[in-house]
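Residue numbers (our numbering): 10 to 526.
Even for Gly, the Cβ is constructed at its ideal location relative to N, Cα and C.
Notes follow the structure.
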Amino acid sequence: MVYIVGPLLALIAFGVFGRGMVQRSKGRGFNPLRAFLLLLAAFAYRFLVPGSWLAESYSFIGSHANLLERLTLMLSDMGIGLVLSSLYLRHHRLQSKLFAVPGVLALILSGGIFGVMSLVQNIHTPHSHTRSDHHEILVELGPDDSIDEIVPILREYKARYWKAFPQVDLSEDEDLAQFYLVCVDSAYTSLLLTALRYDRENVDYAEINHSVELIQPIPAKIEVSKQQKFIANDPHLSSQWYADKLNYNQVYEFLREHKPATKVKLAIVDTGVDSNHEDLKSVFRKSPGGSDNHSHGTHCAGIASAATNNGKGIGSLNWEGEYFSVGGYKALDRYGRGTDETVAKAIIEAAEGGAAVISMSLGGYHPRPPRVQEEAIKYAKSLGAIVVVAAGNSNDDAKSYSPANIPGVIVVSAVNESFRKAPFSNYFTQTKMPIASPGVNIFSTIPKQKYQSFNGTSMATPMVAGLVALMKSFAPELTTNQAYEILHQTGTVVDDSPRIGRIINPVAAIEAVQTIQ
Numbered sequence: 010m011v012y013i014v015g016p017l018l019a020l021i022a023f024g025v026f027g028r029g030m031v032q033r034s035k036g037r038g039f040n041p042l043r044a045f046l047l048l049l050a051a052f053a054y055r056f057l058v059p060g061s062w063l064a065e066s067y068s069f070i071g072s073h074a075n076l077l078e079r080l081t082l083m084l085s086d087m088g089i090g091l092v093l094s095s096l097y098l099r100h101h102r103l104q105s106k107l108f109a110v111p112g113v114l115a116l117i118l119s120g121g122i123f124g125v126m127s128l129v130q131n132i133h134t135p136h137s138h139t140r141s142d143h144h145e146i147l148v149e150l151g152p153d154d155s156i157d158e159i160v161p162i163l164r165e166y167k168a169r170y171w172k173a174f175p176q177v178d179l180s181e182d183e184d185l186a187q188f189y190l191v192c193v194d195s196a197y198t199s200l201l202l203t204a205l206r207y208d209r210e211n212v213d214y215a216e217i218n219h220s221v222e223l224i225q226p227i228p229a230k231i232e233v234s235k236q237q238k239f240i241a242n243d244p245h246l247s248s249q250w251y252a253d254k255l256n257y258n259q260v261y262e263f264l265r266e267h268k269p270a271t272k273v274k275l276a277i278v279d280t281g282v283d284s285n286h287e288d289l290k291s292v293f294r295k296s297p298g299g300s301d302n303h304s305h306g307t308h309c310a311g312i313a314s315a316a317t318n319n320g321k322g323i324g325s326l327n328w329e330g331e332y333f334s335v336g337g338y339k340a341l342d343r344y345g346r347g348t349d350e351t352v353a354k355a356i357i358e359a360a361e362g363g364a365a366v367i368s369m370s371l372g373g374y375h376p377r378p379p380r381v382q383e384e385a386i387k388y389a390k391s392l393g394a395i396v397v398v399a400a401g402n403s404n405d406d407a408k409s410y411s412p413a414n415i416p417g418v419i420v421v422s423a424v425n426e427s428f429r430k431a432p433f434s435n436y437f438t439q440t441k442m443p444i445a446s447p448g449v450n451i452f453s454t455i456p457k458q459k460y461q462s463f464n465g466t467s468m469a470t471p472m473v474a475g476l477v478a479l480m481k482s483f484a485p486e487l488t489t490n491q492a493y494e495i496l497h498q499t500g501t502v503v504d505d506s507p508r509i510g511r512i513i514n515p516v517a518a519i520e521a522v523q524t525i526q
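Structure representation (structure tokens):
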């Protein structure tokens, strides 16, 4: 009905106008009020009827998606009504151009808006699920509702369904426990979404399970540090310029004299972690993502937590592996791709696995944060985890990128060797907890006992996450707000700080956290 009623109302409205013009040509009277009321009804239908279809395909438009969709449909309704009415006038040998010209223009404008949206969609989501034969829809029911109440709707469109997060029950989180993943033929996607959204009694939320990708790292060259005398005996510390720039030696001196209150858990939500890597196996804890067929997750894990002073590989802030362990949680596949649901599931697994800190170097352009990721992060925080995420590599405002725009996360931008904003790094105008860290020429672990350098906010993020994990090892009850306040207050102010936040200062941050034990 959503595809029929709008054009039908517009056709009747312009049909009444056309008939009135014919009557006037014969000397009869015509009151246009009915035609105006019908036209108003056509407009009202397009702007008031629940549900949408273009907005789901083009959700990147954000808060303007629904408006643009309805404007496109309204213009097409008018164009169809005007063109058909012009044919009626032509049949009666009257001036049909009065209706034909604006009708054609309305259809061209409608098609133009649709084409522009299609072009932008192809740019921002080249791997969109809308290109497959089936779509997945995430449906959130109310806490008192049952899937049985919407089964008739699902059956009508031959949709299959299952619980998205069966490990979470209502007593733990009444939002995540009520998420279902619905699989439907792409031909019925928009109709099913409209039907689900219309059922406001049972359905709290329904949206496409969008694609999510890792924030692509950029290959880089190895940089040799100017400082050659590190306390730690890791042979590749000289290839880590940031270890010198961030005064890792001072951190190591401090850690040799201060023991942690407890050994905490750091989670890498990514492509998995190579648990057999020589520089990670002693600090790796049993977790679902103990292998990595990509390399991104292993690279992030090394930056954050590589065993330090073990005579192998690189160094991190995890002195002799005593302060925190690392676990891998696969949100993305071997190609670096996943969905809102796989990311949320990995976050939940990490939180329920006892992660004190969760590091996420993934996401993409998404002005409206996915509801399911928001709920998963909220759940992780309720279990005590601090979530650290990448700002993105698009040299754009991070407010339009998810999960950087999800409330309650620490968001990390990247700087180069001169402590200037990296050319690729996103920046901040509205982010509440921004911080910066080295993200250029970052040397770290990759699978099969290898090492490589990459650029990206993906690399800056685990560096901050490792520092936060170290802070939590001294103050296990440290909250997200407390951690960020310390990072910010002790951070190094540079020329670009208004756009990227202050740069982490590990020594000062570790010393500051001692005061809140």
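- prompt: When you compare each of SER300, SER422 and GLY29 to PHE39 by their alpha carbons, which one comes out closest?
  reply: Among SER300, SER422 and GLY29, the Cα nearest to that of PHE39 belongs to GLY29.
field: Cβ neighbour criterion (16 or more within 10 Å) applied to VAL110
entry: The residue in question, VAL110, is exposed, as its Cβ has fewer than 16 Cβ neighbours within 10 Å.
message: Could you compute how far the alpha carbon of SER119 sits from the alpha carbon of HIS143?
response: If I take the Cα positions, the gap works out to 27 Å.
- request: Return helix, strand or coil for MET442, following the three-state DSSP convention.
  value: Here MET442 sits in coil by DSSP.
- request: State the Cα-Cα distance for the pair HIS521 and VAL473, rounded to the nearest angstrom.
  value: At residue 521 the sequence reads Ala, which differs from the His that was named. C-alpha separation (whole angstroms): 16 Å.
field: Every unbroken beta strand (DSSP E) inside the region 402-447 [3 residues or more]
entry: Listed in chain order, they are 419-424 and 443-447.
- request: Reducing DSSP to helix, strand and coil, say where HIS144 ends up.
  value: Three-state result, HIS144: strand.
query: Contact between the region 238-254 and the region 298-306: three or more CB pairs below 8 Å?
result: Judged by Cβ distances under 8 Å, the region 238-254 makes no contact with the region 298-306, as fewer than three pairs qualify.
message: On the criterion of 16 or more Cβ atoms from any shown chain inside 10 Å, does SER247 qualify as buried, or is it exposed?
response: Taking every protein chain shown into account, the CB of SER247 has 16 or more other CB atoms within 10 angstroms, so this residue is buried.
- request: May I have the straight-line CA-CA distance separating ARG37 from ILE122, to the nearest angstrom?
  value: Spanning the two alpha carbons is a distance of roughly 41 Å.
message: Can you list, in chain order, the residues of its chain with a C-beta nearer than 8 Å to that of TRP328? Leave out the 5 residues immediately preceding and following it.
response: In chain order, ALA241, VAL260, TYR261, LEU264, ARG265, THR317 and ASN318 place their CB closer than 8 Å to the CB of TRP328, counting only its own chain and leaving out the 5 sequence neighbours on each side.
message: At the level of alpha carbons, what is the spacing between ASP86 and LEU18?
response: Cα to Cα, the separation comes out at about 8 Å.
query: Near VAL31, which residues of its chain fall below 6 Å by C-beta distance, leaving aside the five closest residues on each side in sequence?
result: Around VAL31: HIS101.
query: Contact check, LYS408 vs ASN414 under 8 Å by CB: the rounded distance?
result: At roughly 5 Å, the Cβ-Cβ gap stays under 8 Å, so LYS408 and ASN414 are in contact.
message: Suppose contacts are defined by Cβ-Cβ distances below 8 Å. Is ALA478 in contact with GLY362 by that definition?
response: No; because the gap between Cβ atoms is not below 8 Å, this pair is not in contact.
query: Which residues share a DSSP beta bridge with MET369?
result: DSSP lists VAL278 and VAL398 as partners of MET369.
- request: For my contact list, ILE386 and VAL421 are in at a C-beta cut-off of 8 Å; report their separation, rounded to the angstrom.
  value: With a Cβ gap of about 15 Å, ILE386 and VAL421 do not count as contacting.
- prompt: According to DSSP, is SER94 helix, strand or coil?
  reply: DSSP places SER94 in the helix class (H, G or I) of the three-state scheme.
message: Going by DSSP in three states, VAL212 sits in which element: helix, strand or coil?
response: Reduced to three states, the DSSP call for VAL212 is strand.
message: Please report the distance separating the alpha-carbon of SER427 from that of ILE312.
response: The straight-line gap from Cα to Cα measures roughly 19 Å.
task: Determine the direct distance from the alpha carbon of ALA517 to that of ALA173, and round the result to whole angstroms.
output: Between ALA173 and ALA517, the alpha-carbon positions lie close to 42 Å from each other.
Beta-carbon gap between GLY500 and ALA469 smaller than 8 Å: Against a cut-off of 8 Å, the Cβ pair of ALA469 and GLY500 comes out as no contact.
query: Does the separation of the CB atoms of ASP184 and LYS167 fall below 8 Å?
result: Their beta carbons are not under 8 Å apart, which means ASP184 does not touch LYS167 by this criterion.
message: Closest to VAL352 by C-alpha separation, out of ALA360, ALA340, GLY90 and ARG346, would be which residue?
response: Among ALA360, ALA340, GLY90 and ARG346, the Cα nearest to that of VAL352 is on ALA340.
message: Would HIS308 and ILE455 qualify as a contact pair, given that the criterion is a beta-carbon distance under 8 Å?
response: Yes, the pair counts as a contact, with Cβ atoms nearer than the cut-off.
- prompt: Under a three-way DSSP split, which group does SER314 fall into?
  reply: Reduced to three states, the DSSP call for SER314 is helix.
Through-space distance from VAL282 to SER199, alpha-carbon basis: The straight-line gap from Cα to Cα measures roughly 38 Å.
query: Residues in its own chain within less than 6 Å of GLY347 by CB, not counting five upstream and five downstream?
result: Counting only Cβ-Cβ distances below 6 Å, and skipping sequence neighbours, we find VAL221, ALA340 and LEU341.
message: Quick check on DSSP: helix, strand or coil for HIS136?
response: Note on HIS136: pLDDT 40, under 50, position unreliable in the model; no value is reported.
message: My assumption, with CB atoms under 8 Å, is that GLY527 sits in contact with SER284. Please give the rounded CB distance.
response: Here the chain covers residues 10 to 526 and nothing more, so residue 527 does not appear.
task: Report the three-state DSSP secondary structure of THR524 (helix, strand or coil).
output: Of the three classes helix, strand and coil, the one that applies to THR524 here is helix, per DSSP.
message: Let me confirm a value: ALA519 is counted as buried when at least 16 other C-beta atoms fall within 10 Å, else exposed. Which label applies?
response: It is worth fixing the name first, because residue 519 is Ile in this sequence and not Ala. When all chains shown are included, ILE519 counts as buried.
field: Helix, strand or coil at TYR166 [DSSP, three-state]
entry: Assignment of TYR166 by DSSP, reduced to helix, strand and coil, places it in the coil class.
- prompt: Which first and last residues belong to the beta strand (DSSP E) in which SER462 is found?
  reply: For SER462, the enclosing beta strand (DSSP E) stretches over residues 459-464.
task: Since I believe VAL292 is in contact with VAL335 (beta carbons under 8 Å), could you give me their beta-carbon distance rounded to a whole number of angstroms?
output: That belief holds up - the Cβ atoms of VAL335 and VAL292 are roughly 6 Å apart, short of 8 Å.
field: Whole-Å CB distance - SER482 paired with VAL278, under 8 Å assumed
entry: So it is not a contact: roughly 20 Å between Cβ atoms.
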